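Residue numbers (this note's numbering): 1 to 456. Positions of the beta carbon are idealized from the N, C-alpha and C atoms, including for glycine. Bear in mind the structure is a predicted one, so any value in this text is a computation, not a measurement.
Below, the structure is given as structure tokens:
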């Protein structure tokens, strides 16, 4: 974090120091809300929860070197007392962002935010010290937590901007105002919060609307809802895409074995890219990242080298591995919506294998009245991608089986039943995709990974 005295921290947070806290002590570490990570020179944020209260771990954090605990009730160790811990962290993050020299980059969209943020973070690290959102820790806690990781020498801060309703992205931008933005796409997701795809588009447009005349935004030319956002921004708008005219584009796309190669074209030149990431959807993620790096001054050749070298950073996202028995597993089980599900089954269909292609698919959550249609369409996509067998898990996924006409398709009630079915049917050389919304397929993915560990 940017070094600050405890007195300064308390002032920024509108808080009050306890009598045991040293106002002159300088905070040099980060802010942690997990006491196991609290360390010398840092702060510990005590968050009260339904089952665990962080205040009960303040002594542990202090013993590990934390200078003070950000607390909302009396404790026996040095503290900064505040009314609300997350609000206090947000105030601190705003101060850190304003005091930092880092160029701030914001990424949003219905799909691909985490992967694109990871790509940008890896490529920015070639230019200078970089801080980026960990995983998809992009909520009201994770966002200010990430900003507070900025240090005096940080040159680039890459932030994933998520929303479950209108105004959320604007609030995140106000904490750490980006000067470069990227909007990837607008899709059907989180309809429980947005209600319609039109409202989703309005929410995503908050990023380009926030940017000023001296800023830059990269918009997906192939997504009409995103391309139309150019009219709503004062920033200089640049486009990336494949089908429609764009400043940042991909030519001569070669699907290879599911890890695509293409020629990256920017206003400054072109260079060949061989992605190490699986799935055609990563072409768009790579183009968005390329645009950002191009605007930061990186050469097209260096951008292409960085994209070719970049790997997967976040767990349960297109993690492809081959077990000792020859079974290939695609663990893409972190989350799911219609667009990412479609991309995943296409990737499975492109994967070279001597055996069968089996898709284990869980529920796509938060689709409201669109759920049945979207799950049926997923079954059709699996059929069209050449998938040999589909296993649909849990209530609400029955339409997947209905849509997968002509494919061996089975509906099972839960993950335990899916694991049992896989154990009876899986053969060496098969390829298996596991994907669903959050925890709904994690047990299946973990079983396949545990089997890998056991075999080794």
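Item                                                                                                                                                                                     : Value
Alpha carbon to alpha carbon, how far is residue 433 from residue 173?                                                                                                                   : 36 Å
Which same chain residues end up closer than 7 Å to residue 457 when comparing Cβ atoms and leaving out the 5 residues on each side of it in sequence?                                   : Residue coverage of the chain in this structure runs from 1 to 456, which leaves residue 457 outside it and unanswerable.
Does the Cβ-Cβ distance between residue 457 and residue 31 come in under 8 Å?                                                                                                            : Beyond the ends of the chain as shown, which are 1 and 456, falls residue 457; an answer cannot be given.
Applying the 10 Å Cβ sphere with the 16-neighbour rule, what's the burial state of residue 20?                                                                                           : exposed
Can you check the region 29-90 for any alpha helix (DSSP H) of at least 4 residues that lies completely inside it and give the ranges in chain order?                                    : 58-63
What is the rounded straight-line gap between the Cα of residue 153 and the Cα of residue 91?                                                                                            : 21 Å
Any idea if residue 445 is buried or exposed, counting beta-carbon neighbours within 10 angstroms, 16 or more meaning buried?                                                            : buried
Three or more C-beta pairs under 8 Å: does that hold for the region 241-253 against the region 197-206?                                                                                  : no
Taking 8 Å as the CB-CB cut-off, is residue 411 touching chain C?                                                                                                                        : In the structure shown, chain C cannot be found, because there is only a single protein chain.
Verify whether the separation of the beta carbon atoms of residue 474 and residue 419 is less than 8 Å.                                                                                  : Here the chain comprises residues numbered 1 to 456, so residue 474 is not present and cannot be evaluated.
Can you check DSSP and say which residues form a bridge with residue 106?                                                                                                                : 159 and 181
Can the beta-carbon of residue 96 be found closer than 8 Å to that of residue 26?                                                                                                        : no
Let me make sure I understand the geometry here. Which of 84, 107 and 41 has the alpha-carbon closest to that of residue 68?                                                             : 41
For residue 359, which of helix, strand or coil comes out of DSSP?                                                                                                                       : strand
Use the C-beta contact count for residue 317: other C-beta atoms within 10 angstroms, 16 or more gives buried, fewer gives exposed.                                                      : buried
Buried or exposed, going by whether 16 or more other CB atoms sit within 10 Å of the CB of residue 295?                                                                                  : buried
Three Cβ pairs or more, each shorter than 8 Å: is that satisfied between the region 105-116 and the region 2-11?                                                                         : no
DSSP three-state call for residue 511: helix, strand or coil?                                                                                                                            : Missing from the structure shown is residue 511; the chain here goes from 1 to 456 and no further.
So for residue 423, helix, strand or coil by DSSP?                                                                                                                                       : helix
Could you pull out every residue in the same chain whose Cβ sits closer than 6 Å to the Cβ of residue 331, ignoring the five residues on either side in sequence?                        : 316, 319, 434 and 445
So, residue 292 versus residue 120, is the Cβ gap smaller than 8 Å?                                                                                                                      : yes
For the beta strand (DSSP E) that contains residue 272, what are its first and last residues?                                                                                            : 269-274
Given a cut-off of 8 Å, decide if residue 139 and residue 340 are closer than it, judged by their beta-carbon atoms.                                                                     : no
Quick one: is residue 122 buried, meaning 16 or more other Cβ sit within 10 Å of its Cβ, or exposed?                                                                                     : buried
Below 8 Å between beta carbons: does that hold for residue 236 and residue 268?                                                                                                          : no
Run through the DSSP bridge pairs and tell me what residue 432 is partnered with.                                                                                                        : 329 and 358
Sort out for me which residues DSSP pairs residue 262 with in a bridge.                                                                                                                  : 273
Start and end of the alpha helix (DSSP H) containing residue 400?                                                                                                                        : 398-403
Closest to residue 23 by C-alpha separation, out of 74, 53 and 79, would be which residue?                                                                                               : 79
Roughly how far, in whole angstroms, is the beta-carbon of residue 117 from the beta-carbon of residue 160, given that I think they are within contact range, below 8 Å?                 : 4 Å
Give the straight-line distance between the Cα atoms of residue 114 and residue 423, rounded to the nearest whole angstrom.                                                              : 32 Å
Kindly list the residues whose CB is nearer than 7 Å to the CB of residue 456, restricted to its own chain and excluding five residues on each side of it in sequence; keep chain order. : Residue confidence for residue 456 is low, a pLDDT of 30 falling below 50, so the modelled location carries little weight; the figure read from the coordinates is stated next. Counting only Cβ-Cβ distances below 7 Å, and skipping sequence neighbours, we find 324.
Use the C-beta contact count for residue 337: other C-beta atoms within 10 angstroms, 16 or more gives buried, fewer gives exposed.                                                      : buried
Would you decide whether residue 399 is buried or exposed? Buried here means 16 or more other CB atoms lie within 10 Å of its CB.                                                        : buried
Taking the straight line between their C-alpha atoms, what separation do you get for residue 156 and residue 403?                                                                        : 45 Å
Spatial neighbours of residue 201 within its chain, please: CB distance less than 7 Å, with the 5 preceding and 5 following residues excluded, ordered by chain position.                : 186 and 225
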